[in-house]
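Each residue of the sequence shown is one higher than the last, beginning at 4 in my numbering. Comments concern the structure below.
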Amino acid sequence: MKHLMLATTAVALTLSSVLPAAAEFNNRNIRVSNGINEDHPVGDGIRAMQECLDEKSGGKLELTAFWGGALGGDLQATQALRSGVQEAVVTSSSPLVGMIPALGVFDLPFLFKDASEADAVMDGEFGDLINEKLEEAGLINLAYWENGFRNVSNSVRPITKWEDLDGIKMRVMQNNIFLDTFKNLGANATPMSFGEVFSALETHTIDAQENPYVTIDTSKFYEVQDYVSETNHAYTPFLFLFSKPIWDTYTEDEQAALRECAVVGRDVERSVIREANQESLAKIQEEGIEYNTLSDDEYARMLEKSQIIYDKYREQIGGDIVDAVQEQLTEIRG
Ligand code: TF8
């Protein structure tokens with residue numbers, strides 16, 4: 004009997020080293036928290052990601068998306084990931100700067116000139132460097148999706164030069180770099196979580212906010228704003244974050260499928276959002292928003308005025324991080 008067992012084990016061992024192991028997938032329900040609404044292009048990205056997961060896992064890995072901050076704001080949801088009580092969140096990097104200072108690099112004003120620069124930086128070595136910092140904080144970044152270039156909306160006047168921001172009560176995301184950038188331009192800036200913005204605009208607790216056109220559209224800010232000015236003052240990525248404590252209990256096959264499918268979703272989301280941006284701008288204008296751009300000279304003055312933020316926050320972000328992004332940008336710009 005003992006011999007038989009040993010022989011069986013030996014055969015099993017030989018077989019397992021010869022045959023590829025069957026892919027290991029368990030039934031997993033993955034809750035994905037979103038601050039934005041379902042008609043935002045992130046919705047398209049998540050549907051594409053799910054199709055990819057269905058194929059790879061035979062329907063075992065299932066995403067359940069929550070919208071409009073139903074599971075809490077970006078910061079709260081991210082904390083839930085770190086403590087292992089929620090699987091995933093699609094969040095802007097900016098509200099997380101307090102826990103991961105290196106993320107502040109993306110808040111440096113006028114860092115990227117266009118989306119292709121942002122893609123190259125996020126999807127390249129620099130993105131990996133930031134992912135390491137996230138992992139140290141208990142967060143696995145599956146991929147960089149797009150929130151996008153940010154523009155100022157308000158209910159007071161068109162912003163045609165930085166001086167027009169003077170005294171405007173403006174909501175900014177919850178970190179010092181954004182706060183200081185707009186204080187430095189003369190605004191009366193105040194940090195606030197995204198979920199509070201609509202009603203604060205509606206009640207005139209604040210006059211202004213800044214977000215990509217798609218968000219101004221899908222979160223209906225146009226209903227409570229009169230002007231949109233194309234400032235393109237920052238590009239914020241969306242991070243597709245996964246809880247590291249939960250991640251560590253998943254099989255290698257599950258992890259690989261999630262990483263690969265998050266990239267499939269990313270490509271769909273980016274392409275949809277880049278088209279939707281112009282459609283959203285047209286739509287909010289039809290809804291009565293007055294739109295303006297800045298002249299090249301005024302744009303250059305705003306950029307120049309904002310350079311002080313780079314020196315002020317270099318140390319907090321990490322000199323190595325700021326140098327690394329600037330080196331990569333120099334390379335890209337040739
Ligand atoms: C902001 C961000 C948000 C997103 C969203 C809540 O202004 O741009 O729109 O992070 O997921 O707070």
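The beta-carbon is built from N, C-alpha and C at its ideal position, and this holds for glycine as well. From a predicted model like this one, the values you see are computed outputs, not experimental measurements.
Spatial distance of ASP314 from GLY322 (CA atoms): 10 angstroms
Residue nearest to VAL159 in terms of C-alpha spacing, selected from ARG153, ASP169 and GLN288: ASP169
Beta-bridge pairing of LYS172 - partner residues as DSSP gives them: ASN191
Beta carbon of TYR302 nearer than 9 angstroms to that of ASP183: no
TRP148 - partner residues in DSSP beta bridges: PHE241
Reduced DSSP category for GLU120 - H, G, I as helix; E, B as strand; rest coil: helix
Three-way DSSP call (helix, strand, coil) for LEU284 in this model: helix
Residues that DSSP places opposite VAL92 in a beta bridge: SER36 and LEU244
Nearest neighbour of LYS247, chosen from ASN235, ASN154 and LEU145 [CA to CA]: LEU145
Simplified DSSP state of THR208, which is helix, strand or coil: coil
Buried or exposed (CB count within 10 angstroms, at least 16 for buried), ASP299: exposed
Three-state secondary structure (DSSP) of ALA327: helix
Endpoints, alpha helix (DSSP H) assigned at ASN134: 128 to 139
Reference LEU297; option with closest CA among LEU142, SER283 and ASN154: ASN154
Cβ neighbour criterion (16 or more within 10 Å) applied to HIS207: exposed
DSSP three-state assignment for ILE162, whether helix, strand or coil: coil
Any non-hydrogen atom of the ligand NAP closer than 8 angstroms to THR234 Cβ: Of the ligands one can find in the structure shown, namely the ligand TF8, none is the ligand NAP.
Range of the contiguous alpha helix (DSSP H) that encloses ALA25: Run containing ALA25: none; DSSP gives neither H nor E here.
ARG174 versus VAL108, LYS164, VAL267 and ASN157, residue with shortest Cα-Cα distance: ASN157
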